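Working notes, structure below.
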Amino acid sequence: MSRAERLALYVALTAITALAIDGVLPAMPMIEAAFPPSPPFSGAQIVTAFVLGMAIGELVIGPFSDAAGRRPAVIVGLAIFVFGTVVAATADSFSAVIIGRFFQGVGVAGPKIGTRAMIRDRYAGSDMAKVMSVIFTLLILVPMIAPAIGAAVAAFVGWRGIFWAYLTLTAGLGTWLWIRHPETLTLERRVPLQPRRLARNIKIVASRLDVMPVVIATGFVFGAQLTYFAVAADIFIVLYRLPEMMPALFAVLATGTGAALLLNVRLVGRTGMEVPILSGLLLLGASGVGLLTVAALTDGHPQLAALLGIAWFGFFALGLLFGNLNAFAMRPLGDLAGLGSSIIASVSSIVAFAFASAIELVAEGPVWAVAWAFILAALLSAVFMLVALPDGSRKRLLRIISSRR
């Protein structure tokens, strides 16, 4: 298997998560029209149920991949994803769609966690950094094009066609992986599933004050993004009545995250992770206040240009925060990095699910929801980050804040 083919496979497997979330967004009004949701269900659960399933899958798939190997972990995950896809594609009720999305989320943890582990097995040092840089650069494009792909498929064959497209994609990737990619975890390096040992290591990670507060902060930031995903169709299709423009408008905001991700590569080398995290939280909160202001002045229906302009900076902030918060949480874990990665992904997803669900219950409209999500995520994340920072870093940040007054 050539290096180029291997990288292409890694990118495709990693992209499933973003495709599964973003690709279905333009079709959410179609699904709600076909099966009008009634309490306790809501349209936003098409997104949040997926994330809840992903949180459960992420906690299980890491230890499973260490015990059984990377290929089986990815294949099992893809099989569960296919099961969920078939349930959603053939659904005859809204609850069946939600159940299918939940199992899609459980399954997507396989390629998400397993692919990272394969990269970690095969590459080290500068080679690993180069591979991750290539993958990271290509993945920036996925949130920009996924809604357009989903909208095109739904326009031609209906919303069920999106799920059949997911089925075709995952079946093809699973076959490609099984035929072409060798196992990267040798037998002597495998770690048998030992419940007591696993519970002990989970307790060690969960008790660290320099890790878990950062994980919770990451969850709040992810929750802000998840809130936007859950209401994006309501904003662009229902509020502004621009269904044909939704993919392009979604891509405009995604460029903010992409620009920040590219800038962050250079910024971290000069300042460390603390400064981008602080800057991101301040900018996220400021963007939320801006959205709240224009929403209050326009009864929740601001000019589209104002919405996009203010929200773009919020998405730029998200780009600064995601990679740095994950890296900050992973830094102290050492030999527990594999399990730690699963715990970080799972717990942050659970926090994000709870956060987005709470915002949905209390927000008066979709723009209000995004505004409050940005503000509260910034405030709560800042509090938890202050708990996690060592004394030296905390004093350094206070000096930076004081010098800018």
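Take the sequence shown: its letter number 120 is residue 121 in our numbering, and every next letter is one higher.
Note that CB positions come from ideal geometry on N, CA and C, so glycine has one too.
On a predicted model such as this, the values are computed, not experimentally measured, just so you know.
query = Thinking C-alpha only, which one of V266, G220, I141 is nearest I351?
reply = G220
ask   = By Cβ distance, which residues of its chain are closer than 7 Å to A166, with the 5 residues on each side in sequence left out?
value = V154
message = Spatial neighbours of S96 within its chain, please: C-beta separation below 7 Å, excluding the five flanking residues on both sides.
response = F42
First through last residue of the alpha helix (DSSP H) which encompasses L53 = 46–69
Beta-carbon separation (whole angstroms), V1 vs T49, contact threshold 8 Å = Lying outside 2 to 406, the shown extent of the chain, residue 1 is not represented and no answer is given.
message = Quick check on the burial criterion: 16 or more other C-beta atoms within 10 angstroms. Buried or exposed for K204?
response = exposed
Closest by C-alpha distance to V107, when choosing among V222, A21, S342 = A21
key: C-alpha distance - A89 paired with A318, whole-angstrom precision   = 34 Å
task = Compute the Euclidean distance between the alpha carbons of I236 and P303, then round it to the nearest angstrom.
result = 11 Å
message = Quick check on the burial criterion: 16 or more other C-beta atoms within 10 angstroms. Buried or exposed for R181?
response = exposed
query = Where does I311 sit, in a helix, a strand or coil, going by DSSP?
reply = helix
query = Which residues in the same chain as I360 place their Cβ atom closer than 7 Å to its Cβ, once the five residues preceding and following it in sequence are excluded?
reply = T228, A370, W373, A374
key: Three-state secondary structure assigned by DSSP to R169   = Before going on, a small fix: residue 169 reads as Thr here, not Arg. Here T169 sits in helix by DSSP.
task = With DSSP collapsed to three states, give me the class of Y11.
result = helix
key: S280, enclosing alpha helix (DSSP H) - first and last residue   = 275–298
query = Is the region 315–334 touching the region 183–190 in the sense that three or more CB pairs, one from each, lie closer than 8 Å?
reply = no
ask   = Between G257 and G286, what straight-line distance do the alpha-carbon atoms span, to the nearest angstrom?
value = 15 Å
Three-state secondary structure (DSSP) of L262 = helix
query = For L254 versus A312, is the C-beta distance shorter than 8 Å?
reply = yes
query = Is there contact here, the region 22–36 with the region 143–154, by at least three beta-carbon pairs under 8 Å?
reply = yes
message = Mapping the DSSP letters down to three states, classify A74 as helix, strand or coil.
response = helix
query = What's the gap between the Cα of Q105 and the Cα of L264?
reply = 32 Å
CA nearest to the CA of A56, picked from V368, V348, I376, F356 = V348
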